[in-house]
Amino acid sequence: MKVITIPVAYGSTNCYLLCDQREKRCAVVDPGADPEKIRSAVLASDCTPEAVLLTHGHSDHVGAVDALRTFWPELPVYLNDRDVRESDDRLYRRLFPMVKETRSYDEGDVIRIGSLEVRVLATPGHSAGSVSLLAEDVLLSGDALFACGMGRTDLPGGSETEMTATLARLGALEGNFSVLPGHGRASTLAIERSENPCLRQALQAAAGPAEETIRLYTRQNDKTLLELERTGRVINRSYYVRLHFGDMAEHYLESYAWFAGEAAKRVPRPADVTTSIWCSISAEACFRPGPGSVVYVLEVPRSQVVFFDETKWDYVLDRIYLPENDEDKRRYLAHLERLGIRSSYDLFREKYRGLFEEERARIRESWKRVFTIDRWTVHNVCGNIWEIRKEWVRKIVRPGEAIE
Ligand SMILES: [Fe+2]
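Residues 1378 to 1781 in the numbering used here are what the sequence shown lists, from first letter to last.
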């Protein structure tokens, strides 16, 4: 396919020829003015015109239709019928001149020009019957999407709400397209997605309000950088714990497994993840990066974080009852004394195997208070996440660098 741009009406409107060079056929899109100029371009293209495709019914897009029909009397003219209205109002007629004998086309229609398929997208907002046309990797966006802008919405049949939906829809088209608008310069959809404020706003509105995020800091082995690069994420593995804690590894792994099981009830855990990643909630409380490690500074959606009180974690590690408060602690110690047990840790030792099962369950239940934050400070509160996703990484801090 070859697209020829013909600036008409002193360059203010873009008329396009969509040419199928194989079968020597073409379509004329938006012949707004200058019929002779358009005719010359068609003849020079060596293609026979098969149809006129109108993105909408405004005079600056349809002005040369009648004249083109005198050159090619059989030429079908497509225009969505929401832009074809009876009206005696003079101003309305000036904006929407009567185009005779049009064929209506609408969302989902495909117009064949030789071997080319032109798909029709209903894109109202500038006018009720505005359409955009997709042919191969080209999007003819009419007066909906402009390079770095959008068409006006204050004319009869225009609607800001519909325009927002239209822009969001065009922005969400899969892949990249050349964007050829009804006025102004050409662009690409990828550029517009990143630079066009109207399109960006529409896409944001469609995505809904942004989720609140929280800044987290976590020190990890620097080998994780490779994993992040390769897979787009970092997950923790239990053999790291084994490497780290040597003889105590089993004890720690059991504690971490309990923690991970409880945390997974609060934020679902990805199927391939077993072990948590713990993060500080401030740069101040985070370990500095040392040799062989880095600190990840993350911006994580709040819904992905399980907060816990790290000062309570020792109770889990020590296998002792985690009291709710001083009164509860007194009560529990008295209870243990009545049972003739010195410390609740003893309950987890070999000599009580098979005994006091209910007591151990009670202790395990008390550990859930790890997830109850009585006092928020940057030193006691930590955040559990299941993975470090690449899109959450704001900064990677190497040894010797300041975290913030
Ligand atoms: Fe227009």
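All C-beta atoms in this analysis are idealised placements derived from N, C-alpha and C, irrespective of residue type, glycine included.
What I want to know is whether the C-beta of S1504 ends up closer than 8 Å to one or more non-hydrogen atoms of ligand 1. In the sequence shown, counting from the first residue as 1, residue 1504 sits at position 127. Within the cutoff, so yes.
Take the Cβ of R1715 as the centre, count every other Cβ of all protein chains shown within 10 Å, and call the residue buried at 16 or more, exposed below. Mapped onto the sequence shown, residue 1715 falls at position 338. Label assigned to R1715: exposed.
Based on the DSSP secondary-structure assignment, which residues constitute the bridge partners of I1654? For this step, residue 1654 is matched to residue 277 along the sequence shown. I1654 pairs with I1762.
Touch check for the segment 1652-1672 and the segment 1570-1579: three-plus C-beta pairs under 8 Å? Taking 8 Å as the limit for Cβ pairs, the verdict is that the segment 1570-1579 does not touch the segment 1652-1672.
With a CB to CB cut of under 8 Å and the five nearest residues on each side skipped, what residues in its chain are close to T1479? Taking the first residue of the sequence shown as 1, we reach residue 1479 at position 102. Excluding sequence positions up to five before and after T1479, its CB lies within less than 8 Å of the CB of L1431, V1454, Y1455, L1456, D1458, V1461, all in the same chain and listed in chain order.
Residue ranges of each beta strand (DSSP E) within the segment 1414-1494, 3 or longer: 1425-1430, 1487-1490
Can you tell me the Cα-Cα spacing of G1502 and I1762, whole angstroms? One-based indexing of the sequence shown puts residue 1502 at position 125. One-based indexing of the sequence shown puts residue 1762 at position 385. Near 43 Å, if we compare the C-alpha coordinates of I1762 and G1502.
Quick check on the contact list: which residues have their beta carbon closer than 5 Å to a heavy atom of ligand 1? H1435, D1520
Name the DSSP bridge partner or partners of D1397? The residue labelled residue 1397 in the question sits at position 20 within the sequence shown. Paired residue(s): R1402.
In the DSSP assignment, what are the bridge partners of R1496? Residue numbering aside, residue 1496 sits at position 119 when the sequence shown is read from its first letter. DSSP lists V1487, L1511 as partners of R1496.
Considering only DSSP beta bridges, list what M1803 is partnered with. With the chain covering only 1378 through 1781, there is no way to say anything about residue 1803.
Nearest-angstrom Cα distance between L1445 and A1418? Translated into positions along the sequence shown, residue 1445 becomes position 68. Translated into positions along the sequence shown, residue 1418 becomes position 41. Taken atom to atom, the span from the alpha-carbon of L1445 to that of A1418 is near 12 Å.
Taking one C-beta from the segment 1546-1557 and one from the segment 1597-1605 each time, how about it: are there three or more such pairs within less than 8 Å? no
Beta-bridge partners of N1613, as assigned by DSSP: On the sequence shown, position 236 is the one that residue 1613 refers to. DSSP, once it has assigned bridges, lists T1652 as partnering N1613.
Measuring alpha carbon to alpha carbon, tell me which residue in V1774, Q1398, P1426 is nearest V1406. Position 29 of the sequence shown, counted from the start, is the residue given in the question as residue 1406. Nearest of V1774, Q1398, P1426 to V1406, Cα basis: P1426.
What's the C-alpha gap between G1410 and D1443? As a first step, residue 1410 must be located in the sequence shown, where it is residue number 33. As a first step, residue 1443 must be located in the sequence shown, where it is residue number 66. Reading off the sequence, residue 1410 comes out as Ala, not Gly. If you take the alpha carbons of A1410 and D1443, they lie about 10 Å apart.
What are the partner residues of M1527, as DSSP defines its beta bridges? Position 150 of the sequence shown, counting from 1, holds the residue named residue 1527. The partner list for M1527 (beta bridge, DSSP) reads L1522.
What did DSSP end up calling F1685 once you bin it into helix, strand or coil? The residue you call residue 1685 lines up with position 308 of the sequence shown. Note: F1685 maps to strand in three-state DSSP.
Is the Cβ-Cβ distance between G1519 and G1559 less than 9 Å? For this step, residue 1519 is matched to residue 142 along the sequence shown. For this step, residue 1559 is matched to residue 182 along the sequence shown. A contact, by the Cβ cut-off of 9 Å.
In chain order, what residues of the same chain have a beta carbon less than 8 Å from the beta carbon of Y1594, not counting five sequence neighbours either side? Here residue 1594 refers to the residue found at position 217 when the sequence shown is read from its first residue. These residues qualify, in order along the chain: C1656, S1657, I1658, S1659, A1660, A1662, C1663, V1672, Y1673, V1674, L1675, I1780.
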